[in-house]
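Take a look at the structure below.
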Amino acid sequence: MWIAVVVQALVTLLMGISPAQGQNLTVFAAASLKEALDEAEQQFQRANGQKVVVSYAASSALAKQIENGAPADVFISADLDWMDYLGKRQMINTATRTNLLRNRLVLIAPSDSRLTASIVPGFALAKLLGGERLAVADPDSVPAGKYARAALEKLGVWASVESRLARGDNVRAALNFVARGETPLGIVYQTDAYAEKKVKVVAQFPADTHPPIIYPAALTAGTRHAAAPAFLAFLKSKAARAVFEKYGFSMEL
Numbered sequence: 002m003w004i005a006v007v008v009q010a011l012v013t014l015l016m017g018i019s020p021a022q023g024q025n026l027t028v029f030a031a032a033s034l035k036e037a038l039d040e041a042e043q044q045f046q047r048a049n050g051q052k053v054v055v056s057y058a059a060s061s062a063l064a065k066q067i068e069n070g071a072p073a074d075v076f077i078s079a080d081l082d083w084m085d086y087l088g089k090r091q092m093i094n095t096a097t098r099t100n101l102l103r104n105r106l107v108l109i110a111p112s113d114s115r116l117t118a119s120i121v122p123g124f125a126l127a128k129l130l131g132g133e134r135l136a137v138a139d140p141d142s143v144p145a146g147k148y149a150r151a152a153l154e155k156l157g158v159w160a161s162v163e164s165r166l167a168r169g170d171n172v173r174a175a176l177n178f179v180a181r182g183e184t185p186l187g188i189v190y191q192t193d194a195y196a197e198k199k200v201k202v203v204a205q206f207p208a209d210t211h212p213p214i215i216y217p218a219a220l221t222a223g224t225r226h227a228a229a230p231a232f233l234a235f236l237k238s239k240a241a242r243a244v245f246e247k248y249g250f251s252m253e254l
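Residue numbering for the sequence shown follows the working numbering, beginning at 2 and increasing consecutively.
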């Protein structure tokens, strides 16, 4: 009888283990966050003992995956539009939504390039390309590409380069085109340029040429993971701020 009591106690204990203790916390995050978020989630894991698995891709691709039932607990987008997209479909917990980070848009070249440019209305971007292509994330769906198109339209040079784009599935793909020397110029986030030693910043786009680059974060509507709220709270902490600022982001909070 004593053995039966012990067995029952063990069963009860195991049944009471929370998802935070027994399952990975799954985060879907914009590709541009990789280095910073990798370091931040490692800090969270050391402090809380909770394993975090982060899936990086274009915000558009991640939002579509969540819409189609992918088991994410937290979503961090590189723009407001894709968070809005999930919000309208009741796929996020809107009460937890917060604007977390900001970024800047830059024109980059391979690190050994001698190209120089001043980003002003009508600047000779097509001439700078010299018959080659401009690397950008897909401007039809990926946030970095949408910001790039908005900036080039505002500056009056989009039409001159629209047919000469090397389109990446995400901003890191565009970064890699330039890092490998496949294109002489590309448009990425400032933080991407900082993360890749094989590229250099040629010029920074004026902030008024494109919508503010804001990274919202939220819990997904379907998450039941006990550690998800704690992770979202950690992303807004002073410790996380230090990590994000180290990699070139600024905190929106």
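Here a beta-carbon is modelled for each residue, glycine too, at the ideal position from N, C-alpha and C.
In this text, all values refer to a predicted model and were calculated from it rather than measured experimentally.
| Query | Result |
| --- | --- |
| Rounded separation between A58 and F29 - CA only | 8 Å |
| A276 to V200 span [Cα, whole Å] | The question about residue 276 has no answer here: the residues shown for the chain are numbered 2 through 254. |
| Cβ of F45 within 8 Å of any chain D Cβ | Among the chains of the structure shown, chain D does not appear; only one protein chain is present. |
| Selection from R103, Q24, E36, A204 that minimises the alpha carbon distance to P217 | R103 |
| Option in P207, P144, S112, E183 with minimal Cα separation from S255 | Nothing about residue 255 can be reported from this structure: the residues present for the chain run from 2 to 254 only. |
| Where the alpha helix (DSSP H) containing K239 begins and where it ends | 239-247 |
| Close beta carbons around L166, own chain, < 7 Å, minus the five adjacent residues each side | R134, L135, V137 |
| Distance between V172 and F258 (C-alpha atoms, nearest Å) | As shown, the chain starts at 2 and ends at 254. That puts residue 258 outside it, with no answer to give. |
| Stretch-stretch touch, CB-based, cutoff 8 Å, three pairs: the region 77-96 with the region 117-124 | no |
| Reference F245; option with closest CA among T27, A37, A31 | A37 |
| Close-in-space but distant-in-sequence residues of the same chain around T184 (CB under 7 Å, 5 per side omitted) | E133, R134, L135, A136, A167, F178 |
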